[in-house]
Each structure stands twice: as structure tokens, then as C-alpha cells.
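Remarks on the structure that follows.
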Amino acid sequence: MDSIRNPFKTGVLWPNGQSGFNLHITQRKRAEEEIKNLAFYDPLTQLPNRRLLMDRLKQALASSARSGREGALLFIDLDNFKALNDTLGHDVGDLLLQQVAQRLESCVREGDTVARLGGDEFVVMLEDLSEDDLESAAQAETVGDKILSTLNQPYQFATHEHRSTPSIGVTLFSDHAQNQDELLKQADIAMYQAKKAGRNSLRFFDPQMQETITVRASLESDLRRAVAEQKEFQLFYQVQVDSSGGPVGAEALLRWQHPERGMVSPAEFIPLAEETGLILPLGHWVMATACRQLAAWVAQPETAHLTLAVNVSVKQFHLPTFVEEVLTLIGHFKIDPAKLELEITESMLLGNVDDIIAKMTTLKARGISFSMDDFGTGYSSLQYLKRLPLDQLKIDQSFVCDIATDDSDKAIVRTIIAMAQSLNLNVIAEGVETEEQRQLLLNKGCAIYQGYLFGRPVPIEQFEALL
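Mapping the sequence shown onto our numbering, position 270 (from 1) lands on 262, and the numbers just tick up by one.
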């Protein structure tokens, strides 16, 4: 039979009539095409991958230098994509990525490039924009807004409808001397600025961002060292008083005394600790130090009645061992659990609410109380609020500072107090700085206060001296 002769000998035919030599050529071309696809295209979405994107970006930079026309990179990251994978599975996540790829291609011109870098990260490269910076930025923003609108439309997976939003960072390019990796990094930095702005938004790269990133990297390095050594942190205490001005407790506030930077603002290092996971060892140190202080207060008649409020981060609360850690510290220092108050924030309700309620219920059964910090500034649902075993709502200082002059703030404070009363919760107002503010709060039914009117956050020695 022809099929068992040497298939590569000229003139020999396979059963289908195609010569063995020609079939070999066809198979080789097919294999070469497959290798090319694997090397330059993403197998899930069939979009160009990072390697092909960087090659096209190199060509685009050269073309831009010749023509004088600008281009743009749009770095796109899907918000909360991990939550979709965790809840509905990776198969559904893959379907979403494929649909996102199709939608992105529908938002750009034929000559533009849509690429997938990996995971839920995509890049759109726009070429031949205006020669004018402002005009080219406006053109890129138009495309970015179109992408935001398109990706905000619901996705249908069988019987399940899902909504997803993107965060987009944009950087412009016009000079062939610019580095491809640097441009991609700039777009990535801008994307994270969009994340920080609340997600589902677009931000342009600002050269000052690069300096901010450099400073942040240095601060992170110092923070890791300080957490490991645990010598530069201390707790400050801000007094909490009742309507007569008598101290009823304090809030423990973490401070970082850097040997070279001086006192680092909590607004700088607390968010960084959250992002890097360093908040976990820091949070444990704060809880242990607070429990030790409560134990010391019990031995002094003038402080034995004081409660101590401790802020708990979202990551800290979600630790499987959180309840055990708190109860172990209480047992170790032999403190009265009723003197410890844990402050949580509304952002915590974005997670597993049932798990949060279970942990709070367990700790409350042991006598620990809970306060909702910064109430009114976050995302709390009244449906969840009534289920949480809270003891107190804390009115955020943003509503207190203008309560004497702003009717809206007055109405918000009045509503929060009425809501707390209907739920049998105590109310404390923070940021009280004037007697007028205190009196207005008292008239509306709030009888516990915290703020500069009564005392600033100070080290323990000054705090006890003030008492």
C-alpha cells in the first residue's frame, strides 16, 4: 500500500491523495503557527500577550518620534476579580476575562492594540493621537470613558448575572527615547491611583507619582524594620468624657517615633501597614499593649473604672485566630473584658458578614464591647447594622467639626443619635473641639465625647498626669 511506503519520498501518495512531502510541509507550518501563537498570544483570550505588546510599543514609539503624533497606554485592572473567582470559581472567572477582552476590542480602532498581561490585567495601546498634549490626553480619556461604560454593563453567565468594574491608569508617550518598561510602570502607577480614588475610575500618570512611589518604598522598608524590632512604636491615649466632663475611658492610638523621620503620621504608615500585611503583627502588639495597660489601671483607684478602646483592622479581624488571640491576651493579663472596647469600621461589612457577626458574638459573650467607628462615612447597610452585636456608634469628626454652622451636619448627627437610641446603642462623638459643639451634641442626646476640648492624644505618663 502507498500508506506504508516512505511518506517523504517524492511522488508517494497518502490514501487521501496528498503527497507525503506536502503533508509534512502542512504539518510543519501548522506547528510553526501554533508555536507563534503560544509565544505572542494569550491562549485564553487570543489577545496579544506582554511580549507582543512590548514589541508593538517599541514600534509605536519609533513611529511617534517620526510623525510627532502622540500615543497612550491604558492599564486596566478589574476591581474585586479575586472575589469572583473565590465565589463562583475560576471557570466563571475565565468566561469574564474572555468577555472583557471582546468588549475592549469593541472600544478601540482597528490599528490600536488590546493585550492581556496576565490575570485580570489588560493594556490598551492607542496610536496616532494628536500632536498636542491636551488634545491627545482628551482623546485617550474619551477611549477610557468608553471602556469604563462598556465594562460596567452586566455580564451574563448561564443563569447568573455579574457586574464588574475596572480601574484604569493612563500615560501618554511621544518620544522614542522613552523606555517601554517605564511607560508600562507609569500606567500601572496611575491605575493604582484610580484604585485609591475609589475604583471604577480613570487616572492619568503624574510624574510626581513616581516620587511618591519612591518615598513609599523607603517608608515600607523602614516600617518592616520597625515592626521586626518593635522598639519605635508606642500607644498614645485620648480621653473620653461624659456630659459632666468626667473621664470614662480612652482610645488607644498607635504612634511611630522614627529615629530620623521623627513622628510619622498614622495617615502615612497605617494604610501602608494595611496594604503590606504588616498591620497583623502591629495589631497584635497594640492589643497586647492595651491589655497590659488595662491591667496596670486596675491597680490604681483613679483609673480602675476606665475603659480602653482599641481599633481593629479588617485584616486583623478576618484572621481565623483573632478571637483566640484576644481571649488569650485577656486571660494572660487577667483583665476585666468589660473594660476592653474594640472599634471596627463600616468597611469591615464588605467582607463575610456572617463570620464577623459570629466572632463579635463570641467575644461579646465574654464581656467585650464593640463600637462602630467613623459611623456614617462608609458602606454600612441598616440590614447588617441591626444584626451586629454593637454597643456603641461613634459619630465621625467630619460631621462634628461644622455642626454649629452646617444644617446638613446637624441633621446627620441628629439622625445617627436617633438611630442609635432606637437600636439601644450608646453614642460617642469624636473631634469635639469647642464648648458650642459639645452643647449642641448634648442637646441632641449625645453625652459622651472625645476631642481636643478635653485632651489631645498623649503618652501614658501625660495621660495619667492629666487625670
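Beta carbons are placed, not taken as given, at the ideal position from N, Cα and C, and that holds for glycine.
Since the model is a prediction, treat every value here as computed from it, not as a measurement.
Reference residue i; option with closest CA among the options
i	options	result
Glu123	Gln222, Ala64 and Thr426	Ala64
Ala330	Ser363, Ile348, Asp346 and Glu316	Ser363
Val345	Leu334, Lys307 and Arg379	Arg379
Arg155	Ala220, Lys50 and Phe73	Phe73
Gly241	Lys21, Thr18 and Leu459	Leu459
Ala301	Pro312, Val233 and Gly103	Val233
Phe391	Pro251, Ile336 and Lys402	Lys402
Ser128	Gly447, Leu66, Ser305 and Thr337	Leu66
Leu355	Leu321, Ile387, Glu153 and Gln90	Leu321
Gln170	Gly359, Lys50, Pro381 and Ser213	Lys50
Ala282	Glu243, Leu311 and Gln292	Glu243
Met279	His250, Gly323 and Arg253	Gly323
Leu374	Ala396, Ser361, Ser400 and Thr407	Thr407
Distance, residue j Cα to residue i Cα
i	j	result
Cys438	Gln185	38 Å
Ala259	Asn192	24 Å
Lys351	Ser339	16 Å
Thr268	Trp277	16 Å
Ala421	Cys393	10 Å
Glu294	Met255	30 Å
Leu175	Gly275	37 Å
Ala457	Tyr229	12 Å
Arg101	Leu53	18 Å
Val92	Leu143	7 Å
Arg48	Ala31	14 Å
Met183	Leu87	23 Å
Asn435	Ile68	50 Å
Ala357	Leu432	35 Å
Leu45	Gly161	17 Å
His297	Val290	7 Å
Arg108	Leu121	22 Å
Asp448	Val231	For clarity, residue 448 is Arg in the given sequence; the question names Asp instead. So the alpha carbons of these two residues sit roughly 8 Å apart.
Gln38	Asp112	14 Å
Gln442	Leu270	28 Å
Thr299	Leu246	17 Å
Ile535	Gly237	Summary: the structure shown does not reach residue 535, with the chain confined to residues -7 through 459, and so no result is reported for it.
Ser305	Thr337	8 Å
Glu119	Gly60	11 Å
Own chain residues within Cβ distance below 6 Å of residue i, not counting five before or after
i	result
Ser166	Ser56 and Glu62
Val419	Leu385, Ile409, Ala412 and Cys438
Ile(-4)	For Ile(-4), the pLDDT reaches just 42, beneath the cut-off of 50, and the residue's location in the model is therefore unreliable, leaving the point undetermined.
Asp388	Asp366, Gly368 and Thr369
Phe455	Tyr229
Lys138	Cys99
Bridge partners - residue i, DSSP secondary structure assignment
i	result
Lys307	Answer by DSSP bridge pairing: none, since Lys307 is not bridged.
Met364	Ile336 and Leu385
Arg101	In DSSP, Arg101 forms no bridge with anything.
Ile440	Ile420
Leu300	Ala242 and Leu332
Tyr463	Here the chain covers residues -7 to 459 and nothing more, so residue 463 does not appear.
Phe107	Per the sequence shown, residue 107 should be read as Ala rather than Phe. Partner(s): Val115.
Own chain residues within Cβ distance below 7 Å of residue i, not counting five before or after
i	result
Gln222	Trp277
Gln178	Thr163 and Phe197
Asp451	The amino acid at residue 451 is misidentified as Asp; the sequence shows Pro. If we look at Pro451 and ignore the five residues flanking it on each side, its Cβ neighbours are Gln226 and Phe228.
Other residues of its chain near residue i: CB distance less than 8 Å, five sequence neighbours each side excluded
i	result
Phe261	Leu211, Leu215 and Trp248
Leu445	Val424, Glu425, Thr426, Glu427, Gln429 and Arg430
Glu453	none
Leu80	Phe149, His152 and His154
Thr462	Residue 462 falls outside the range modelled here, since the chain spans only -7 to 459, and no answer is possible.
Minimum Cβ-Cβ distance from residue i to chain C less than 8 Å
i	result
Phe314	Protein chains in the displayed structure number just one, and chain C is not present.
* To do: Identify every run of the beta strand (DSSP E) within the segment 389 to 422, keeping only runs that are complete inside it and at least 3 residues long; order them along the chain.
  => Listed in chain order, the complete beta strand (DSSP E) runs (minimum 3 residues) inside the segment 389 to 422 are 418 to 422.
* 3-residue-minimum beta strand (DSSP E) runs that sit fully inside the segment 204 to 289, ordered along the chain -> Qualifying beta strand (DSSP E) stretches, in chain order: 225 to 233, 239 to 250 and 254 to 256.
* Secondary structure, beta strand (DSSP E): runs of 3+ residues fully inside the segment 39 to 70 -> Within the segment 39 to 70, the complete beta strand (DSSP E) runs of at least 3 residues are 63 to 70.
* Let me know the beta strand (DSSP E) ranges lying completely inside the segment 153 to 205, each 3 residues or longer, listed in chain order. => Fully enclosed beta strand (DSSP E) runs of 3 or longer: 158 to 165 and 194 to 196.
* Counting only runs of 3+ residues fully inside the segment 110 to 148, write out the beta strand (DSSP E) ranges in chain order. => The qualifying runs are 113 to 118.
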